[in-house]
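Novice:
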Amino acid sequence: MLKGKKVVVYVTGGIAVYKAADLVRRLIKAGATVRVAMTKSATEFVTPLTFQILSKHHVYIDTFDEREGDKVSHIYLADWSDLAIVAPATANSLAKIANGIADNFVSTALLATTAPIFIVPTMNQHMLENAATIRNIQVLENDGHFIMEPDTGFLAEGYEGKGRFPDPSEIIDTIQGFLLNLEKNLPLKNQKVVITAGGTKERIDPVRYITNDSSGKMGYSLAVAARNLGAEVYLISTSKVLKTPYGVTLVSVETAEQMHQAVNAEFEKAAIVIMAAAVSDYRPSHISNKKIKKNEQEMVLRLVKNTDILATLGNQKKDQFLIGFAAETHNIQEYAKDKLIKKKADMIVANDVSKPNAGFNKDTNEVSIFMMDEEPIELTVNSKQAIAEEILAIALTKMKK
Ligand SMILES: Cc1cc2nc3c(=O)[nH]c(=O)nc-3n(C[C@H](O)[C@H](O)[C@H](O)COP(=O)(O)O)c2cc1C
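In structure tokens:
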């Protein structure tokens with residue numbers, strides 16, 4: 001979404017200015033061309049040189065410092081940009097933007113730009129909760145600007161509170177979602193995609209359960225990839241640690257049974273269903289409501305079979321494109337082909353979880369894609385995000401139009 005975009009980062013004077021340097025770096029890494037403008041106060045915290053080196057361009061600070069003879073810099077920059085990001089946005093600069101004040105380079109260029117404006121307010125909690133700031137944020141929202149929710153945590157003042165600069169990776173994710181909402185011609189626009197993620201937990205007693213090594217990372221990468229194609233994404237997940245990607249609807253579950261119910265509730269209207277979760281095949285036949293105490297030398301745990309969610313969906317499906325995952329340690333091709341037929345899936349993504357760069361809990365993966373009457377497609381080692389994008393790109397070419 002950011003690839004090829006011309007972005008101006010407007011940096012105003014708060015303690016979090018140093019974090020804006022990382023944001024600029026990440027925007028460039030995501031493929032954007034970045035220019036930076038700073039308020040005088042911002043330059044008190046970090047020198048413009050840092051931003052100049054990162055953006056490989058001089059930093060705009062003074063409205064009257066016209067270095068390019070043939071241009072009026074603040075108008076040129078305002079017209080040049082596809083996106084304006086104000087990060088960090090001080091209470092003072094928020095007030096200026098909300099009221100159309102143009103008394104420095106940043107506020108003047110922001111008044112002149114017709115690009116969408118994305119604002120990251122960052123300040124002390126009491127400043128954030130001040131009636132004037134609340135009023136200004138409301139005005140900015142009413143004017144159609146996007147305001148990102150500040151983080152809660154340890155503030156520079158030495159106490160816990162709301163107003164922190166969010167993690168730059170989270171800001172990038174939110175910007176991607178924000179830009180998507182502005183896009184009209186995305187292949188999965190208005191289509192529902194249901195994705196399961198993580199290993200299910202099958203309770204033995206209140207403190208113990210059966211689970212597996214699945215982290216949910218592959219499912220979350222697929223959710224981002226589907227969202228980036230414009231889909232309305234429902235992520236049915238067991239993870240308690242991964243951050244829900246911006247714009248994705250999270251349905252939290254724990255057991256295979258809960259996952260089955262959650263998928264069923266979303267299945268009928270789905271265009272694509274991706275079962276990336278590692279669902280327990282069995283669960284204890286009885287869940288003790290008290291912690292089981294040790295007494296005997298041996299203990300027998302009786303297990304019963306869980307519903308095979310993928311097979312159930314395969315039998316139910318009409319136009320849904322159904323993708324299953326197969327995590328194996330041996331005979332991958334044989335198991336994957338068998339799964340494709342038996343579960344009536346449209347695609348099986350198989351990975352060898354014994355390989356060093358693939359499978360559970362890793363940030364990379366290496367998969368083989370199986371579809372009926374087709375040769376397997378091998379996707380070599382890559383980030384889970386890149387693999388997720390390739391899986392969806394292949395699915396899109398195979399889906400009924
Ligand atoms: C150490 C220090 C930290 C500050 N941090 C913030 C901040 O995080 N957010 C904020 O709104 N103002 C903060 N301020 C106050 C602003 O710098 C001040 O309001 C300034 O006028 C903002 O100017 P600008 O909006 O033109 O950048 C801080 C001031 C100091 C001295």
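Those letters in the sequence shown? Residues 1 to 401, per full-length UniProt numbering, in order.
We put the beta carbon where it would ideally sit given N, CA and C, even for glycine.
Please read these numbers as outputs of a predicted model, since none were measured by experiment.
#1: Between the C-alpha atoms of E254 and K201, what's the straight-line distance to the nearest angstrom?
#2: Report the partner residues of V349 according to the DSSP bridge assignment.
#3: Go through its chain and collect everything with a Cβ distance to A256's Cβ below 8 Å, but skip five positions before and after it.
#4: Would you report the Cα separation of R164 and A21, rounded to the nearest angstrom?
#5: Please classify Y159: does DSSP put it in a helix, a strand, or coil?
#6: Using a Cβ-Cβ cutoff of less than 8 Å, which residues in the same chain neighbour K12 once the five nearest sequence positions on both sides are dropped?
#7: Which class does R302 belong to by DSSP, given the choice of helix, strand or coil?
#8: Check R26 in the structure and name its three-state DSSP category.
#9: Taking the beta strand (DSSP E) that A115 falls in, what are its first and last residues?
#10: Specify, as a first and last residue, the run of the beta strand (DSSP E) that residue 434 falls within.
#11: Within the continuous alpha helix (DSSP H) that includes M218, where are the two ends?
#12: Report back the beta-carbon spacing between residue 452 and A262 to the nearest angstrom; my notes put them in contact at under 8 Å.
#13: If you measure from the CB of S280, is any heavy atom of ligand 1 nearer than 7 Å?
#14: Any idea if P187 is buried or exposed, counting beta-carbon neighbours within 10 angstroms, 16 or more meaning buried?
#15: Determine the extent of the beta strand (DSSP E) in which R135 is found, giving its start and end residues.
#16: Straight-line CA distance for F360 to K162?
#17: What I want to know is whether the C-beta of S93 ends up closer than 7 Å to one or more non-hydrogen atoms of ligand 1.
#18: Can I348 and A336 be called in contact, C-beta distance under 8 Å?
#19: Can you tell me whether DSSP reads E296 as helix, strand or coil?
#20: Tell me the DSSP bridge mates of I85?
#21: Where does G153 fall in DSSP's three states?
#22: With 16 other CB atoms within 10 Å as the buried threshold, where does M275 fall?
#23: Check whether the Cβ atoms of I397 and N382 sit closer than 8 Å, and answer yes or no.
#24: Quick check on this structure: which residue in K290, K3, M299 has the alpha carbon closest to the alpha carbon of D82?
#25: Helix, strand or coil: which one does DSSP assign to Y282?
#26: Once you ignore the five residues that flank K5 on each side, which residues in its own chain have a CB closer than 7 Å to its CB?
#27: Any idea which residues DSSP pairs Y234 with across the strands?
#28: Should M148 be listed as close to ligand 1, given that the test is whether its C-beta is under 7 Å from any heavy atom?
#29: CA-CA distance, N315 and K192?
#30: Run through DSSP, which three-state label would D205 get?
#31: Look at the Cβ atom of M1, then the Cβ atom of L179, and state whether they are nearer than 8 Å.
#32: Buried or exposed: where does Y60 fall if 16 or more other Cβ atoms within 10 Å of its Cβ makes it buried?
#33: So, G219 versus L229, is the Cβ gap smaller than 8 Å?
Specialist: According to the structure shown:
#1: On the sequence shown, residue 254 is found 254 positions in, with the first residue counted as 1. On the sequence shown, residue 201 is found 201 positions in, with the first residue counted as 1. Rounded to the nearest angstrom, the two C-alpha atoms are 5 Å apart.
#2: What you label residue 349 is simply residue 349 of the sequence shown in a count that begins at 1. The partner list for V349 (beta bridge, DSSP) reads F325, I369.
#3: Position 256 of the sequence shown, counted from the first residue, corresponds to residue 256. Closer than 8 Å at Cβ, skipping near neighbours: T200, E202, V279, S280, R283, N306, T307, I309.
#4: For the purposes of this step, residue 164 is taken as the residue at position 164 of the sequence shown. For the purposes of this step, residue 21 is taken as the residue at position 21 of the sequence shown. The alpha-carbon separation between R164 and A21 amounts to approximately 16 Å.
#5: Indexing the sequence shown from 1 puts residue 159 at position 159. Residue state, collapsed to three classes: coil.
#6: As a working note, residue 12 is residue 12 in the sequence shown. Note on residue identity: the sequence assigns Thr, not Lys, to residue 12. Correct list, in chain order: M38, T39, S41, A42, V86, P88, A89, T90, N92, S93, V106.
#7: Against the sequence shown, residue 302 aligns to sequence position 302. Reduced to three states, the DSSP call for R302 is coil.
#8: As a working mapping, residue 26 is identified with position 26 in the sequence shown. Three-state result, R26: helix.
#9: As a first step, residue 115 is located in the sequence shown; it is residue number 115 there, counting from the start. Where A115 is concerned, there is no enclosing beta strand (DSSP E), given that its DSSP letter is neither H nor E.
#10: In the structure as shown, the chain starts at 1 and stops at 401, and residue 434 therefore has no counterpart that could be examined.
#11: Numbered from 1 along the sequence shown, position 218 holds the residue referred to as residue 218. Note, M218: alpha helix (DSSP H), 217-228.
#12: Past the boundaries of the shown model lies residue 452; the chain is included only from 1 to 401, so the question cannot be answered.
#13: Counting from 1 along the sequence shown, the entry for residue 280 is found at position 280. No, ligand 1 has no heavy atom inside 7 Å of this Cβ.
#14: As a working mapping, residue 187 is identified with position 187 in the sequence shown. By the Cβ-count criterion, P187 is exposed, with fewer than 16 other Cβ atoms from all chains shown falling within 10 Å of its own Cβ.
#15: One-based indexing of the sequence shown puts residue 135 at position 135. First-last for R135: 131-142, but that is the alpha helix (DSSP H), not the beta strand (DSSP E).
#16: As a working note, residue 360 is residue 360 in the sequence shown. As a working note, residue 162 is residue 162 in the sequence shown. Computed Cα separation, rounded: 35 Å.
#17: Here the question's residue 93 lines up with position 93 in the sequence shown. It does: the Cβ of S93 is within 7 Å (strictly closer) of some heavy atom of ligand 1.
#18: In the sequence shown, counting from the first residue as 1, residue 348 sits at position 348. In the sequence shown, counting from the first residue as 1, residue 336 sits at position 336. Yes. Within cutoff.
#19: To locate residue 296, count along the sequence shown from 1; it is residue 296. Note: E296 maps to coil in three-state DSSP.
#20: Residue mapping note: residue 85 aligns to position 85 of the sequence shown, counting from 1. Its beta-bridge partners are V9, F118.
#21: Taking the first residue of the sequence shown as 1, we reach residue 153 at position 153. In the structure shown, G153 sits in a strand (DSSP, three-state: E or B).
#22: Position 275 of the sequence shown, counted from the start, is the residue given in the question as residue 275. Answer is buried; the Cβ neighbour count reaches 16.
#23: Along the sequence shown, one-based indexing puts residue 397 at 397. Along the sequence shown, one-based indexing puts residue 382 at 382. In the sequence as displayed, the identity of residue 397 is Thr instead of Ile. Their beta carbons are not under 8 Å apart, which means T397 does not touch N382 by this criterion.
#24: If you number the sequence shown from 1, residue 82 lands on position 82. Taking each of K290, K3, M299 in turn and checking the Cα distance to D82, the smallest one comes out for K3.
#25: What you label residue 282 is simply residue 282 of the sequence shown in a count that begins at 1. In the structure shown, Y282 sits in a strand (DSSP, three-state: E or B).
#26: If you number the sequence shown from 1, residue 5 lands on position 5. Excluding positions up to five away in sequence, the list reads A32, D82, L83.
#27: Here residue 234 is taken as the residue at index 234 of the sequence shown, counted from 1. Answer is V194, T249.
#28: For this step, residue 148 is matched to residue 148 along the sequence shown. No, Cβ of M148 sits at least 7 Å from all heavy atoms of ligand 1.
#29: Indexing the sequence shown from 1 puts residue 315 at position 315. Indexing the sequence shown from 1 puts residue 192 at position 192. Rounded to the nearest angstrom, the two C-alpha atoms are 20 Å apart.
#30: As a working mapping, residue 205 is identified with position 205 in the sequence shown. DSSP places D205 in strand when its eight states are reduced to three.
#31: Along the sequence shown, one-based indexing puts residue 1 at 1. Along the sequence shown, one-based indexing puts residue 179 at 179. Yes, these two residues count as a Cβ contact at 8 Å.
#32: Position 60 of the sequence shown, counted from the first residue, corresponds to residue 60. Of the residues assessed, Y60 falls on the buried side of the cut-off, its CB having 16 or more other CB atoms within 10 angstroms.
#33: For the purposes of this step, residue 219 is taken as residue 219 along the sequence shown, with counting starting at 1. For the purposes of this step, residue 229 is taken as residue 229 along the sequence shown, with counting starting at 1. Not closer than 8 Å, so no.
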